[in-house]
Structures are given as C-alpha cells and as structure tokens.
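For the protein sequence lines, the chains are A and B, in the order given.
Going by this note's numbering, the first sequence wraps up at 407, each residue one higher than the last.
Going by this note's numbering, the second sequence wraps up at 410, each residue one higher than the last.
Think of the CB as a built atom: it goes at the ideal place given N, C-alpha and C, for glycine as much as any other residue.
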Amino acid sequence: MQFKQETLANGLVLIGEINPPSKSAAVGYFVRTGARDETPQINGVSHFLEHMLFKGTERLNVFEVNEAFDRRGAQFNAFTSEEQTVFYAAILPEHLIEVTRLWAELMRPALRDDDFAVEKNVIKEEIAMYEDTPMFDVMDRCRSLHFGAHPCGVSVLGTVASIDAMTAGQMREYFCRRYVPNNMIVACTGNLDWDRFCETVEAVSGCWRTEPVERPLTDFRGTKAKTRAEKANLKREHICLMHTGVSSQDPRRFAASLLSMIVGDDYGSRFYWELVDKALAEEASMHFSPMDGTGAFCSYLRCGTPNVGKVLGIVEGVFHDLAANGIREEELVKAQNKVLSVLVLKNEIPMGRLVDLGFNWMYCGEYRSIEQDVEAVKGVCVEEVNQVIRDIDLGSYTQCSLGPTTS
Amino acid sequence: MKQRMDTYVMSNGMVLLGEPMEGVGSVAFDFMLPSGVAQMPAGCCGASNVLSEWMFRGAGIRDSRQLGDALDGLGVQRSTLIGSSHIYLGGALESSNLAQALDLYADAILKPHLSDEQYEPARQLIVEELASLDDEPRQRVTIELRQRFYGDPLGRSTMGEMKDLEGLTAAKARQIAQHCLSIPQIIFSVAGKYDFDAVCRQLEHVFGACCGELPARRETTSRGPRYTHVPHDGAQVHIGLMTPTARFADEDYYNARMAVSVLSGSMSSRLFTEVREKRGLCYAIGAKYHSLKEAAGILCYAGTTPDKAQETLDVILAEFNRLADGIGDEEMDRAKIGLKSSVILQSESSGSRAGAIGGDYHMLGRVRSLDEIKERIEATSVESVLGFLRSHPFEDYTIVTIGPKEVRVG
C-alpha cells in the first residue's frame, strides 16, 4: 500500500492509496456539505442536489450519464448525510480513468429545470418510503429531538413541504456556495496509475474557482428530551435513544467505538445478553456516530408493546451499571477483536477502503493507514473506555418512541 | 493465472469446498445445513429459524454464554440466514483463528444442548421477529410473493408462520434436529486465507461420523392466486411481481440473467429509465433473478405513493412484455459488461466467495470458475436472449401489493 497526495492550485485535494495486487479500483468525490449546512427554507437541498448530479451536464443528459457509467461496468452511487455528500464508483482497473473523468465532469452539473421537476417526485417517493420504514423514521425523529436547534438535527431528506417549496434557483445558489474545490476532495484506492489519475482530475477540475466556505462547529450535548409518537398502522414499539458522543477529530473516538460494541453489538453485547438473548426485544443495538466537531451514540430497540416498560428498565440498568462499575477487561478484549475483524474485512476491498480514507482526510486532514487504526484500537485500555462513560454521562439521554396507538 | 479450487469429499459424502484468495488476511466460511423451511415437516414452518437460534444456546462443553463469549473472543462476525433449502451459518474473521472458530460451529451443529431452559427464549425470539414483519411492508411483500409464486413447501415464509411457531414444542423441535443436523449432506465452503489440508483433517475428524439421510420432502402444491392485495395504511403501495424463468442449472440460465440485466441490471437499464428517470414514479424500482434448485423467477419490486401505483404497475408490465420485441446491441454490451464486472468485484470479498461456491455446489454439483462464468456471459447474444424470451414468453405473473390502495391486474 502506498499513500499519495497532491493539492491543485485551487485547493482541491487528491488522495490515493495504491494497492497494485487489487482486482479493482474505487474513486470518490467527497463534498463537505449536508443537511447541517442548510437553512429551513431549503431543507433537503443537499440530498436533492446529490440526485441532480446524476442528471447530467451541459454536454450529457441523464440517459447518457447512466449509459456512460454502465458501459464501464461501474458500480456507482452516492449518499448524503448530515454533513457529507459522497459520490463513488467501484470499477475494474482499466476503467478508472474514464470513470474519474466522468465524475469530475458531473461535479459541474447543468441543474436543468425540467430534470428538477421530475426528480422532485422521486425525492417525495423516497420520503414516503422511509415513512414506511419505522426504524428509519424513529431514528430521524430522535436525531431532531436530540440536537434541537443545533444544525445536526436537520433532516437529510427534508419534508414534503420543504421539497415542494424548493426552486431550482435556490438549489443552484446552494450548489455554487458548497461545491467549491476547497470544500471537497477526490480519493482513489486499489490498483491504479496515480499520475494519470491526477492528470485526469486536474484537466477537468483545475479551472474550478475557489470561494470562501464555512461551517460553524459547535459541540452539543443533546436536549435529553423524551417523547413518544403514535401511528395507527404500527404493531411494534420502535425506540431510539441518543447519547452525546465525541467527534470525528477526538482521540477518544476509538474508545467510544469500543464502548458502543460493548453496549450494543448485534451479538455478545450487554444489550444482547440482557434483551435479545432473553427475547424481550428482538433488536437492541448501539452505534457510535462521530461527526464534525460533535458526536452521538444512537441506540435502536424494537419490541412488543407489553415488553416496553421492562425493556426500558433493563436498558437503564445497563447504563447505570456501566456508569457505576465500568467495563470489564474481558469485555474490552472481545470488543477489540470484533472491531479489528470488521476493520480487516472491510478494508481488504478497495471500495471499503475508500470511505475510511476519504473520511479521515475530510475530518482530520490526515492519512491513517489500516495498521495505524489497528494499533489505535489495540491500544485502548479499560480506563479510557470508562472515562468516555463518565464524559458522556451514560445515564442521561434523549429518547424517542414510535408505536401503535394506545387508546 | 489459473484460479485454484479446493474440493474434498469426506468418506461419508460430506463435501468441503475452498477458494484461496491472494493478499487477504481474512477468511470466511459457510456451513449449509439442508434444513431450510421447505425441508420442515408440515405444520412446522419456522422450526428452521428456532433451531438456528437454539443450537447456539449451549453446545459441547460450553453453555450459551460461554459459547457466545468464545465466538466473540475470536472476533467472529456471525451470520445466520434461513433459506428455502438450507440454513446458512456463516462466519468471517482474521485467518489465524479459523480452526478454533470451526470447532465452535461444529459443536453447535453436532453437539447442541437443546435444553428445555433455552427453548422458550429461542422460540420467542423468532416469534418476535416475525411479529415485526407487519411493520415492514417492503420486506413483507417479498415474503408474501414468494409464498404464492413457489407454492408450498418451496415458497414457505423464511421467517416462519405464527400458528406453526405457536404450536411448536421443544420435543418436536428436538426431534427435527435429530433428523436434520448431524447428516453428511451438509456443504461446507471456505474462502480467503486458509490451509485446506488442515481444514479437511479437522472437519473429517469432527463430522466423519455423521450418517443418515435427509427426510423426504413433500411434493409442491399448486401456487397461490395471481393477484393478492394486503391492506396496510402506510405511505406507499409496495408492489411485488414475479414471473417464471430458467433455473440456475438450465441451459438458458445465462440468457435469463442477461434478460434481467437488460431490464434492471443498472441505472441505464429499462425499468430504472422508464419508471424512475422518465416518469419519476418511484424511488425504489428493480428486478432481480431468483432461483431455487427446483424453480426460478424474476422478482420485481417497486414502492410508490397510492395515486401512482396503477401507472407504476402498468409501466413495469409493459417493459416486461416488450422485452422479447428487441434488444439493442449497445444495451446488450452494457448488460454483459455490468454482469462480468459485478462477478469480478464480488470475487474480492471472502464472504461473498464462500457463499457463492457453496451455492454453486448445491445447484450444479460443482463449482464454476470465474473464467467459466465470464465465458458463458460472453457467449450470449441478442439473438440467444431473444430466442429464449420468445420460447418462454412472460405471460404468467404473480402479483402482490401491500398498501392503502389496490391495483387492477388485467
């Protein structure tokens, strides 16, 4: 593995981790923009814009874009979060340069009015689809509740009302402010020719203009509010809990990730033995979500209505026990083995490696090899995890439930 | 470089398969137990699910907690999947711990405690999972569709039936386990970094004494109604549609795969273009190939708001029906490249390779090399795909909708 980096005159950063034996390569554009960078008037614009990038440029229409990717057998897509918009493709090495050029061109989209009108319907269908997915629905509601007025509480999808009211002009204005070369990076991994990659990106992107861009970063410890919503079509109780976390830049993030594994991994965690093994809840998990300048732990529980009180009581007991007594050494060792296993398996494939490579640079402005991450995970001691438990105040959290009508 | 395939048939007939991968530090394995939902006695739909949970709740010298801790201590990423024909017990981990992980899985398969104390929580957990299906219309539509398309027992719900689970006793489940677990018809596959000789010696030692035969399966009964609507007061109508096609082992398999690829292999394919890009009817729209050993179908899903449901179904059916009218050369080239590319990209993952070689063996009695797959894809043509479609026209659709509004099926 060899790491490479170059910065164009306009501030666009190119990074690559070259691994010649790989059978494939991956490329991605990472744009530092997401729901937290929106105003309420244009809520949902980052995600909508992600869709619109695929609609083509002055030179290419949507059908030609899809055909151009498919002619190279690319597995390509994009995702938008509260703070990132990422466009990526996994391809055979011989097609990396053409697909990189295509992505580079798409980063300057036409944003046509008629495409905007058709895609508006698709976005509203996506909102409807997630409405029918209670796990997603309750997590989205809980995030808004937890972050309150903090920008990280803004919904990624937006609402039907905000999407209906949005104009193509507003989207173009947002695009011009956020998709500037000093607010994005291009990353590649796997079997590839770095010099040709750089030449290709520079030929298309070298002329993009730098603009001042900002994102205020404030930490937020959560509202710790509790609420329950009802939906007549639901049969089960869906519960989301959010704790304050640590940020993507914070050295405690490795300990935080081990803590979430100890509390809420799918197998063998505290939640697993107390809730799933006893069949009180069929799903009980906790994930650590580090973000830009802040962070959160997000837990999801699903159970039958008669079990709700018992489940929540046990969860509280798990948190209080950890707060009072900390974790055990053997729990830490198991969690470390599981985290390391995940790391090794994910990073063996160029597409899996791409996201970690890009995010490390986006958040910390540094390259971290897999070995460095492995060492960081192995180096965490019991006291460091216990310190995170104290820092985040494990007994205190935001709670949102979504379940059937009770009356 | 010629790809190496490892195969070993034990003295009792159990098959061990392997595919070594260069430059990886991980290993993934799969035990395919021939105890899927279609293998269960009548009235026991869901017993496979309960067994897959129960067998890990204490085995060999370890109780439930000790077994779970031992697997965690090795960093095993566990997966359990219940299919029509098999229970798939998978694991993936750093390769140096493989032998210990295999011993733990072998204990769960061959020496499960199946204690009364652990039975009720195991059964209850499966009941809880099934109860949650009511809140997941998108997942449910596929289950309902396969039930009607394949009939009983092939199409049985892979999540179980509530009335069967409610009546299933520990004694009955234990009796099923005795007939279904310690038998040499298990297929084992491994991919990544491993020593095949060592794996063979170890598994021969622990599984060598297995004997017995699979219980006979009942004949398939007729399929369900052509159209079923399940009322659900949600935001979308979830549309599932299935139509028969060539099976995995059939001569026309690759023609069928190419037909699905032209319909829905990627974003430039027909369904995505016509339903989403041109008309904005859906966010989620797609069709995929689905095969059991005995039958196969093309399975299409679309989710859309009620006012657009009829148009969505009409456009989907029109695309299926006009496929045999003609396929462009460029369309065909894109479909071929897409399929070949995805085969190569998937070959980089030890987990996906372990699953694929086991699946091949079950379906064909042998493992296909990547070169063979690529050559067979390359050998298809517009003429061969159209010839197949014209001799096997899409005319038999099974359709299920879940949502606030029914559709008209002509």
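Item                                                                                                                                                                                        : Value
What residues match up with residue 288 of chain B in a beta bridge as DSSP calls it?                                                                                                       : B/299
Between residue 153 of chain B and residue 220 of chain B, how many whole angstroms is the CB-CB distance? I'm expecting something under 8 angstroms.                                       : 7 angstroms
Taking only runs of the alpha helix (DSSP H) that begin and end inside the region 14-76 of chain A, which ones reach a length of at least 4 residues, in chain order?                       : 45-53 and 62-71
For the region 369-394 of chain B, which residues have a beta carbon sitting closer than 8 angstroms to at least one beta carbon of chain A?                                                : none
Between residue 217 of chain B and residue 85 of chain B, what straight-line distance do the alpha-carbon atoms span, to the nearest angstrom?                                              : 10 angstroms
From B/299, B/18 and B/138, pick the residue whose C-alpha is nearest to that of residue 6 of chain B; which is it?                                                                         : B/18
Ends of the alpha helix (DSSP H) at residue 166 of chain A?                                                                                                                                 : First-last for residue 166 of chain A: undefined, no H or E at that position.
So for residue 273 of chain B, helix, strand or coil by DSSP?                                                                                                                               : helix
Report the option in B/10, B/54, B/389 and B/20 whose CA atom is closest to the CA atom of residue 109 of chain B.                                                                          : B/54
What does DSSP give as the partner residue(s) for residue 312 of chain B in the beta ladder?                                                                                                : For residue 312 of chain B, which the question treats as bridged, DSSP gives no partner whatsoever.
For a test of the three-state rule: what should DSSP assign to residue 167 of chain B, helix, strand or coil?                                                                               : helix
Just confirm the distance between the C-beta atoms of residue 317 of chain B and residue 389 of chain B, as a whole number of angstroms; I'd bet it's less than 8 angstroms.                : Rounded, the Cβ-Cβ distance is 15 angstroms, inconsistent with contact.
Please list, in chain order, all residues of the same chain as residue 162 of chain A whose beta carbon is under 8 angstroms from its beta carbon, the five residues on each side excluded. : 40, 41, 42, 43 and 44
In angstroms, rounded to a whole number, what distance separates the CA positions of residue 409 of chain A and residue 65 of chain A?                                                      : This structure does not reach residue 409 of chain A, given that chain A is present from 1 up to 407, and the question cannot be answered.
Tell me the rounded alpha-carbon separation between residue 66 of chain B and residue 58 of chain B.                                                                                        : 8 angstroms
Beta carbons nearer than 7 angstroms to chain B: which residues of the region 228-241 of chain A have them?                                                                                 : 232, 233, 234, 235 and 236
Using alpha carbons as the reference points, say which of B/69, B/123 and B/118 lies closest to residue 100 of chain B.                                                                     : B/69
Among A/5, A/397, A/68 and A/331, whose alpha-carbon lies nearest the alpha-carbon of residue 194 of chain A?                                                                               : A/5
Residues of the region 335-351 of chain A with a CB closer than 9 angstroms to any CB of chain B: list them in chain order, please.                                                         : 335, 336, 337, 338, 339, 340, 341, 342, 344, 345, 348, 349, 350 and 351
Have a look at A/331, A/106, A/94 and A/264 and flag the residue whose alpha-carbon is nearest the alpha-carbon of residue 190 of chain A.                                                  : A/94
Can you name, in chain order, every residue of its own chain whose Cβ lies under 7 angstroms from the Cβ of residue 382 of chain B, other than the five neighbours on each side?            : 327, 329 and 332
Ignore the nearest five residues each way along the sequence and tell me which others in residue 374 of chain A's own chain have a CB closer than 7 angstroms to its CB.                    : 340 and 343
Using three-state DSSP, classify residue 316 of chain A as helix, strand or coil.                                                                                                           : helix
Quick one: grab the DSSP three-state call for residue 80 of chain A.                                                                                                                        : strand
With a threshold of 7 angstroms (Cβ to nearest heavy atom), would residue 172 of chain B be considered close to the ligand NAD?                                                             : The ligand NAD is not part of the structure shown, which contains no ligands of any sort.
Using C-beta distances below 8 angstroms, list every residue in its chain close to residue 122 of chain A, excluding the 5 sequence neighbours before and after it, in chain order.         : 51
Hey, could you find the ends of the alpha helix (DSSP H) residue 138 of chain A is sitting in?                                                                                              : 134-147
Between which two residues does the beta strand (DSSP E) containing residue 224 of chain B stretch?                                                                                         : It is not in any beta strand (DSSP E) - residue 224 of chain B carries neither H nor E in the DSSP assignment.
Looking at residue 73 of chain A and residue 91 of chain B, is the spacing between their C-beta atoms short of 8 angstroms?                                                                 : no
Mind checking whether residue 182 of chain A and residue 200 of chain A have CB atoms under 8 angstroms apart?                                                                              : no
In terms of DSSP beta bridges, what is residue 112 of chain B paired with?                                                                                                                  : B/59
Is the beta carbon of residue 363 of chain B sitting closer than 8 angstroms to the one on residue 293 of chain B?                                                                          : yes
Beta carbons nearer than 7 angstroms to chain B: which residues of the region 100-127 of chain A have them?                                                                                 : 118, 119, 121, 122, 125 and 126
Can you name the residues of chain B whose CB is closer than 7 angstroms to the CB of residue 92 of chain A?                                                                                : 341 and 344
Please confirm if the region 271-283 of chain A is in contact with the region 217-231 of chain A, defined as three or more CB-CB distances below 8 angstroms between the two stretches.     : no
Looking at residue 279 of chain A and residue 118 of chain B, is the spacing between their C-beta atoms short of 8 angstroms?                                                               : no
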